[in-house]
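This report refers to the structure that appears directly beneath it.
Numbering (our numbering), first residue to last: 814 to 1334.
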């Protein structure tokens, strides 16, 4: 009888509609609150009502998972939270909540493991992370150093990488270095690893952190992960595949690819994937499959997803036709390039990096691991192509990122076939629908703004139409943890920033001012 009465009381509460517009109908708020409480996110009382504390808990959770959130909780985002919570519980990594709270915002301080390095600074370990998560404050230098080493270690895993050797004739840069107190301050205090500013053929600002700041030695040969800057690079590579006749155009429909036959991408033109309007927001949210909570990077090739009906198998395009950020679409593009170039892929990709970009150091392409192979064993390219193991990300040295950007700029300016491709995807750009941020805004709840925050359009894997620079054609490559490259095609200017964290350096001074005025003011 007691159980029956409990059920009678519970049913109407479960179906209770939210009181505010910040959550879609159909989201089980009571269950959401219970899940967030179990994960130590303090959503307030478990009462089925949507309020400020529940909204804050959702915001914090999605930020920790490195997911975009526009203050309206969708059913898709709620499913992700439930799936991710289930994944954490099944992994045995769920933990008891720490009752301590921060003085700043009264949010719970999550348990982390600390270690001491040789200089006695505490290193904060974020469990299950290979990079520093999105946080509300900058971590200490010891933690930044630790996570640089973690990322660097992945470069040696043969099952998860593909190495492209350097050019015999790398591009050389002319330098006329100018001193800047702003640059010195940022590299001494912020989360930046490397800063380069190139102005019409000459490097003007060139900086690394001062010696001794980090416990890792950063040099011109140090490697930095592209993260989602690799999306723009993938688009650039697609331009070469089109110009070399492997793919007909950006309007080519994906029909001749058996791997994708029973998925929503089959039959879609490439331009839909390039502009992230492929209608896949119900199956993927950034890098996580909505129904399973699986992160597909560093996990398995596309083959695993297309065989799973809870991920891609049997999926259909939804009705959404506007921009929706997705990591999956770019992986699909990259693997389509691999599929169409086939046995020529290795020759094709080497030609771009060695003969076109003319890199000075090896570039490391990320790959999803093939099941049955140890980390020290490299699968054949044929196996990788067949299973869809390609990933859009790369790791490269600081000057090689500048070489990539310069190659893009040169193609644009010289109106080459690839340059015409870049102009075509720019003409096909779509609105990002981001909230209106400002360079001079005093609202810094989410940290300092960057080019991504202030872009109005998305042009075939490049952000563009930057606030304050909309009279210029600027192509922006943006990646998690503060990776930014901005290419000003009008004045031949390039900014390259590699970093450990986003939101904790001044893009306005280091990026906007050089592109706008030619120098930091």
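Quick reminder that beta carbons are idealized off the backbone N, C-alpha and C, glycines included.
message: In the DSSP assignment, the alpha helix (DSSP H) including residue 1221 goes from what residue to what residue?
response: 1211-1227
message: Measuring CB atoms only, is the region 957-970 touching the region 1140-1155, in the sense that at least three cross pairs come out at less than 8 Å?
response: no
query: Based on Cα-Cα distance, which residue from 1162, 1118, 867 lies nearest to residue 1200?
result: 1118
query: Where does residue 1203 fall in DSSP's three states?
result: strand
- prompt: Can you find at least 3 beta carbon pairs, one from the region 1006-1013 and one from the region 1029-1039, that sit closer than 8 Å?
  reply: yes
query: Does DSSP classify residue 1336 as helix, strand or coil?
result: Past the edges of the chain, shown from 814 to 1334, lies residue 1336, and the structure says nothing about it.
query: Which same chain residues, not among the five before or five after residue 989, have their C-beta less than 8 Å away from its C-beta?
result: 1015, 1016, 1017
field: Whole-angstrom distance between residue 974 and residue 984, CA atom to CA atom
entry: 24 Å
message: Taking the straight line between their C-alpha atoms, what separation do you get for residue 1127 and residue 898?
response: 25 Å
- request: Select from 849, 1079, 1147 the residue whose C-alpha is nearest the C-alpha of residue 1202.
  value: 1147
Option nearest residue 1271 by Cα separation, candidates 1164, 887, 1045: 1045
- prompt: What are the boundary residues of the beta strand (DSSP E) that residue 1353 is part of?
  reply: Because the chain in this structure spans residues 814 to 1334, residue 1353 falls outside the shown range and cannot be described.
query: Do residue 1162 and residue 1218 have their CB atoms nearer than 8 Å?
result: no
- prompt: Using 8 Å as the threshold, is the region 1219-1234 in touch with the region 1050-1060, meaning 3 or more CB pairs across them?
  reply: yes
field: Residues sharing a beta bridge with residue 1306, DSSP
entry: 1012, 1301
Minimum C-alpha distance to residue 1323 - residue among 939, 995, 1115: 995
Other residues of its chain near residue 1198: CB distance less than 8 Å, five sequence neighbours each side excluded: 1148, 1151, 1152, 1155, 1158
field: residue 1211, buried or exposed, once every other Cβ within 10 Å from all chains shown has been counted against 16
entry: buried
field: Cut-off 6 Å between Cβ atoms - residues of its own chain near residue 1085, not counting five sequence neighbours on either side
entry: 1091
- request: Please list, in chain order, all residues of the same chain as residue 1030 whose beta carbon is under 7 Å from its beta carbon, the five residues on each side excluded.
  value: none
Residue nearest to residue 1287 in terms of C-alpha spacing, selected from 1333, 1225, 1294: 1225
- prompt: Helix or strand or just coil, what does DSSP make of residue 1051?
  reply: helix
task: Would you identify the three-state DSSP class for residue 952, choosing helix, strand or coil?
output: coil
- request: Report the partner residues of residue 1096 according to the DSSP bridge assignment.
  value: Residue 1096 pairs with nothing; no bridge assigned.
field: Inter-residue Cα distance where the pair is residue 1114 and residue 1182
entry: 7 Å
message: The alpha helix (DSSP H) that contains residue 1232, what's its start and end?
response: 1230-1240
- prompt: For residue 1240, is the classification buried or exposed, using 16 other Cβ atoms within 10 angstroms of its Cβ as the cut-off for buried?
  reply: exposed
query: Which of helix, strand or coil does DSSP assign to residue 1139?
result: strand
task: Go ahead and label residue 1191 buried or exposed: buried means 16 or more other beta carbons lie within 10 angstroms of its beta carbon, across all protein chains shown.
output: buried
- prompt: Of the residues 1164, 874, 1021, 1265, which one's Cα is nearest the Cα of residue 978?
  reply: 1164
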